[in-house]
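What follows is one structure encoded as structure tokens, with my remarks underneath.
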Amino acid sequence: MYMRTLQLFKLVLSFLLLIASNLMLMAQLSVSDQQKLDELMSKMTLEEKIGQLNQYTGDYEATGPIKQVGDKAEEIRQGKVGSMLNIKGTENTRILQEIAMQSRLKIPLLFGLDVVHGYYTTFPIPLGEAASWDLEAIEHSARIAATEAASGGVHWTFAPMVDIARDPRWGRVMEGAGEDTWLGAKIAAARVRGFQGKGLGSTDAVMACAKHFAAYGAAVGGRDYNSVDMSERMLRETYLPPFKACAEAGAATFMNSFNDLNGIPATGNAFLQREVLKGEWNFQGFVVSDWGSMGEMIAHGYCKDEKEAAMKSMIAGSDMDMESRVYTRELANLVKEGKVPMALIDEAVKRILTKKFEMGLFDDPFRFCDPEREKAVLHDAANRATARDIARKSIVLLKNDNQTLPIDLKSKDKNIKTIALIGPLAQSENDMLGFWSISWPDGDIVSQEEGIRTRLPEDVTLLVSKGCEINDKSKAGFDEAIAMAKKADIVILSIGEALDMSGEAKSKGHIRLPGVQEELAQAIYGTGKPVVVILNAGRPLVFNWVADNMPAILYTWWLGSEAGNAIADVVFGDYNPSGKLPMTFPRDEGQIPLYYNYFSTGRPAGGDNDTQYRSAYIDMPLSPKFPFGYGLSYTTFEYSGLKLSSKTMTENETLQITFQLKNAGNLAGEEVVQLYLKDCFGSVVRPVKELKDFQKLMLQPGESKTIAFDIDKEKLSFYNNDLKWVAEPGEFELMIGSSSADIRLKDKFELK
Ligand code: BGC
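Numbering (numbering that gives the first Met the number 0), first residue to last: 0 to 751.
In structure tokens form, the structure reads like this:
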């Protein structure tokens, strides 16, 4: 009885919410646009309404002129398509928009594309950009990507990807901001602000799409598309905040995900889409399914056929069908049979049309199709300069024994006259772009050879040898590489992954250096020459031999169009590296998932050797190879003088903490100071530490600065067992560090 009353209550509540959200949707538009929307809705047939919910791909004809889009052109003409993806360029988008203008009601198409890390100018992969911990730079990179994409007729990017990812076997870690919720939420909002600029309607803004809603990053075993099962507390505390940050930043759209969550596929998940997103967060935009994810609910065993898939998707709040085609085939019948209320269709259509109005497409469907603007924007040299800047900020210095880096070409002691650049990624261009780059036009990519060669004075010789392929067993190239290394004063060894080794559907059981690259590293090391390793990859790799033996290592991810220049800037000391890892680097796949903010256990290990009946491994250390937040600089920083404004605070008070940061070295440099908190005793078990703030700042040699952080109730709060967001009275530990494992200052305080 209780259950039935509850269900009834929920049903009535969701209906009221629906009416309220309809009213609010209308409230976003100007009065005249509202009238136009109303009028339009009243003229639309059911088929035309369903057409707005339908999105087709351009069959990858995005890169060339559209010769034919087959039946799709006819469907567009009949008003059966609301949006196309994978079409770009003013010429191509104009062709299709013209066809849409031949339809009865002339409703413009929306063009969507995966502008994940750049459009014409490719920026570092998002995980790399996250390593910059530079929110302004990240926003700027999204701003440029949006400006370029919008100039090329694109209205909508399927980004940012804001999935928290704790498992580097999952290839899609490259698309997100890493493992941390707090940092991830800040970066998510920065990217939305960057994409949407001054707001929808500007011709340099594209609609953002927060994806993949939700918990896709927690796929079991790091296997793409796999199931997710987690407590609602974990979901709300760890996985949802970056999405919420996107909604709050005004993201126009959300994309759901391929995974099931606790048994319900995300695409058919009313809890996620109706209750949380459109209900609690009052999200006014629309939700697009992931590619084919409505139809995939059949393979999930959640729907017996396409009809059920369409019904469950619509009821759950998925507004637009990307490429499943189940809405276009089944929704009309479902409405006629009374299985899907017309109000739901109307709501979804209104959400989509509202965005078309906001984008100004009803005023001028071709406003993003100006070839002159396209040419000017795409060839703006400032975009390349920004790409170079964010690329060098994304590089993480993992190791620098004997001050091997920067390579000082002026040093009389070192007297460097010959450099050997070795490795399968030394000359590569496309691999610098990374998995989600829109490789058009290729050719304008600065390889590492080019970047380094441009930087060298005439009296320094650069020898280049591949040594081996990225993923091949042949060692035939070793001899030449070794011979070159022997002739050189220093070797730069560029190794890692090819662009298609991390990304969608690129899950791996082993995340080691592919092919014979580790053997190549050993052979080069054997020459006795100093070696600087450049590690190019889309995910944290396991490379213990290299890490233990090579004196200097730069983790450079895939840095985009300006990769070679950015790497040269860091290698030769024109830029002092400042990146910090946004994900933990394990020593062994067996440690995965490994992340810094794990829960306190009843038998914590006191260290890597403390394994006796401890929460540890008896065959491998517990500690990571490189921890979250880690990254070196060519200078060193000293932390001192921690002061708390008080040792106690109440819920309504803010505690201020201050300390001094000093650049104790000889070079100017940036440090990312990190604030971690631990709730010592909670009504539910709490993590050993959690990032709650950071600042990135530049200090001149010898300079000291006073740094201040505020601690308020929000930073102390968490979801308790009743899923209430609360701060509980008690003791908190405060840790200030240069990484999650390099805590320099500590204290405790109490919340009264
Ligand atoms: C991916 C999405 C992407 C979509 C469109 C899907 O396979 O999961 O992230 O936006 O394709 O390309």
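All residues carry an ideal CB built from backbone N, CA and C; glycine is no exception.
- The residues Met310, Met313, Leu333, in chain order, have a CB closer than 6 Å to that of Val339 in the same chain once the five nearest residues on each side in sequence are set aside.
- With a contact defined as Cβ atoms closer than 8 Å, Leu396 and Leu498 miss out at about 23 Å.
- According to the DSSP assignment, Val530 belongs to no alpha helix (DSSP H) but to the beta strand (DSSP E) extending over 530 to 535.
- The DSSP assignment places 395 to 399, 417 to 421 as complete runs of the beta strand (DSSP E) inside the segment 378 to 425, in order along the chain (cut-off: 3 residues).
- Around the beta-carbon of Phe285, 16 or more other beta-carbon atoms lie within 10 Å, marking it buried.
- Per DSSP, reduced to three states, the secondary structure at Asp430 is helical.
- By the criterion of at least three beta-carbon pairs nearer than 8 Å, the segment 405 to 416 is not in contact with the segment 461 to 479.
- Asn470 sits away from Pro539, with the two beta carbons spaced by 9 Å or more.
- Short note on Leu28: C-beta not closer than 8 Å to any heavy atom of the ligand BGC.
- For Gly736, the enclosing beta strand (DSSP E) stretches over residues 729 to 738.
- DSSP, read as helix, strand or coil, puts Gly196 in coil.
- Each of Arg586, Val114, Phe717 was checked against the Cα of Arg168, and the nearest Cα belongs to Arg586.
- Counting C-beta atoms within 10 angstroms of its own C-beta, Met293 has 16 or more neighbours from the protein chains shown and is therefore classed as buried.
- Under a 10 Å Cβ-count criterion, Lys579 is classified as buried, with 16 or more other Cβ atoms of the shown protein chains found around its own Cβ.
- A straight line joining the alpha-carbon of Leu492 with that of Glu97 spans about 52 Å.
- The Cβ atoms of Gly422 and Lys465 lie closer than 9 Å to each other.
- As for any alpha helix (DSSP H) of minimum length 4 sitting wholly inside the segment 244 to 300, the runs are 295 to 298, ordered along the chain.
- Collapsing the DSSP output to three states places Lys642 in a strand.
- If you check the CB distance, Leu641 and Asp709 do not come in under 9 Å.
- Here the alpha carbons of Leu104 and Ala565 stand approximately 50 Å from one another.
- Around the beta carbon of Asn575, a 10 Å sphere encloses 16 or more other beta carbons of the protein chains shown; the residue is thus reported as buried.
- Nearest in C-alpha terms to Leu239, of all of Ala164, Gly559, Val219, Ser140, is Ala164.
- Remark: three or more beta-carbon pairs, one from each stretch, lie closer than 8 Å, so the segment 697 to 704 and the segment 667 to 675 are flagged as touching.
- Closer than 8 Å to some heavy atom of the ligand BGC: that does not describe the Cβ of Leu260.
- Distance between Phe110 and Lys35, taken at the CA atoms: about 22 Å.
- Judged by their CB atoms, Pro159 and Ala141 are nearer to each other than the 9 Å cut-off.
- By a beta-carbon distance limit of 8 Å, Leu404 contacts Val531. Their separation comes to about 6 Å.
- If you measure from each CB to the nearest heavy atom of the ligand BGC, the residues under 5 Å come out as Asp113, Phe157, Asp289, Trp290.
- Looking at the DSSP output, Tyr554 shares a beta bridge with Val395, Leu534.
- Taking C-beta separations shorter than 6 Å and ignoring five residues to either side along the sequence, the partners of Ser323 in its chain run Gly291, Met293, Gly294, following chain order.
- A distance below 6 Å between beta-carbons, with the five flanking residues on each side excluded, links Gln521 to no residue of its chain.
- Rounded to the nearest angstrom, the gap between the Cα atoms of Glu517 and Ile494 is 9 Å.
- In the three-state DSSP reduction, Lys338 falls in the coil class, being neither helix nor strand.
- In the three-state scheme derived from DSSP, where H, G and I count as helix and E and B as strand, Arg324 is classed as coil.
- In summary, Pro264 is buried, with 16 or more beta-carbon neighbours lying within 10 Å of its beta-carbon over all protein chains present.
- When Cβ pairs closer than 8 Å are counted between the two stretches, the segment 354 to 369 is seen to touch the segment 200 to 211, the count reaching three or more.
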